[in-house]
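Engineer:
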Amino acid sequence: MTAAETPASDFRRRALIRAGVLGLGVGVVALLASQVPLTAVPGEVRELGAFGPAATVVAAAGLLMALVPRTAISLACGLLFGAVAGAGVALVAAVGAAVATFWLGRWAGRDTVQRRLRGRIARLDTWLAQRGTLAVVVVRLLPIAPFGLVGYAYGSSATRFRHYLAGTAIGGAPSAFAYAAIGAAVVAPSGATLLTYLPAALGALVSASAAVYWRVTSRRA
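Take the sequence shown: its position 136, counting from 1, is numbered 128 in this note's numbering, and each next residue is one higher.
Rendered as structure tokens:
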């Protein structure tokens, strides 16, 4: 092996190790989550008392990092804490998971992406970086991939962290309130009114608008 080939080989080895460690961590968390008895969760949360919401935020963030669908998490938060409080717990958990997945993605994949930027991937990376917060809001509103996976992908992109964080908080709010409201209505169906499902309708409208915006701007790009 020549001296010129050694750095490239070392880089590939480090990249594979980092990707393997990240994949293994996600797999372990997902495996542990699959063993949790779901029927016991409400009782466990009640026993925690005032610490219940904080514990739920930590657990939900871990599940999102393990690629558990955010819809299920938001519904569960609504079931456990009601529409408003549940939405707050779901959104805080989502932002926490977003921060963690972004930096893990940057650690594991940004160097590799930079070395291989070409064609459509290069154009997408540029599109994301140029549009900043707005691009993150649009992507977060669209159900194109698991929440955690999008975070890992953004970490490997050229998107700045402050744009990513603001966009995630803004884009994640409509669905958090929508699905938490639906989850709360499942617990107390007699209290559900048209206003209960208003956040879900607004969330669907905003998501549809985001899809149209994505399509139009992508064609222009």
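Every residue gets a Cβ at the ideal spot worked out from N, C-alpha and C, and that includes glycine.
From a predicted model like this one, the values you see are computed outputs, not experimental measurements.
1) Measure the C-alpha to C-alpha separation of G143 and T151 and round it to an integer number of angstroms.
2) From the DSSP output, in three-state form, read off V150 for me.
3) Give the list of continuous alpha helix (DSSP H) stretches no shorter than 4 residues that lie fully inside the stretch 55 to 82.
4) Would you kindly report the start and end of the unbroken alpha helix (DSSP H) that includes P34?
5) Determine the contact status of R132 and G164, defining contact as a CB-CB distance below 8 Å.
6) If you draw a straight line from the alpha carbon of F139 to that of V60, how long is it in whole angstroms?
7) Answer yes or no: do A82 and A168 have a C-beta to C-beta separation smaller than 8 Å?
8) Is P166 buried or exposed, if buried means 16 or more other CB atoms sit within 10 Å of its CB?
9) Distance check for R62 and G124, CA to CA, integer angstroms please.
10) Is G78 buried or exposed, if buried means 16 or more other CB atoms sit within 10 Å of its CB?
11) Grouping DSSP H, G and I as helix and E and B as strand, with all else coil, what is L8?
12) My assumption, with CB atoms under 8 Å, is that T67 sits in contact with Y146. Please give the rounded CB distance.
13) Just how far apart, CA to CA, sit A127 and V76?
Structural biologist: In short, the structure shows the following:
1) Reading the sequence shown from its first residue, position 151 is the one you call residue 143. Reading the sequence shown from its first residue, position 159 is the one you call residue 151. Taking the straight line joining both Cα atoms gives about 11 Å.
2) For the purposes of this step, residue 150 is identified with residue 158 of the sequence shown, where counting begins at 1. Rather than Val, the amino acid found at residue 150 in this sequence is Ala. Coil, per DSSP.
3) 62 to 73
4) Within the sequence shown, numbered from 1, the residue matching residue 34 stands at position 42. P34 -> alpha helix (DSSP H) spans 33 to 40.
5) Locating residue 132 in the sequence shown gives position 140, counting from the first residue. Locating residue 164 in the sequence shown gives position 172, counting from the first residue. Contact flag set, yes.
6) Mapped onto the sequence shown, residue 139 falls at position 147. Mapped onto the sequence shown, residue 60 falls at position 68. Distance between the alpha carbons of F139 and V60 is about 8 Å.
7) Numbered from 1 along the sequence shown, position 90 holds the residue referred to as residue 82. Numbered from 1 along the sequence shown, position 176 holds the residue referred to as residue 168. Yes, Cβ-Cβ distance for A82 and A168 is below 8 Å.
8) The sequence position of residue 166 within the sequence shown is 174, counting from 1. By the 10 Å Cβ count, P166 comes out buried.
9) Position 132 of the sequence shown, counted from the first residue, corresponds to residue 124. Position 70 of the sequence shown, counted from the first residue, corresponds to residue 62. G124 and R62: Cα-Cα distance of roughly 23 Å.
10) Against the sequence shown, residue 78 aligns to sequence position 86. Result: buried.
11) Start at 1 with the first residue of the sequence shown, and residue 8 comes out as number 16. Note: L8 maps to helix in three-state DSSP.
12) For this step, residue 67 is matched to residue 75 along the sequence shown. For this step, residue 146 is matched to residue 154 along the sequence shown. It should be noted that the sequence gives Leu, not Thr, for residue 67. About 24 Å; that fails the 8 Å criterion.
13) One-based indexing of the sequence shown puts residue 127 at position 135. One-based indexing of the sequence shown puts residue 76 at position 84. One C-alpha to the other measures close to 27 Å.
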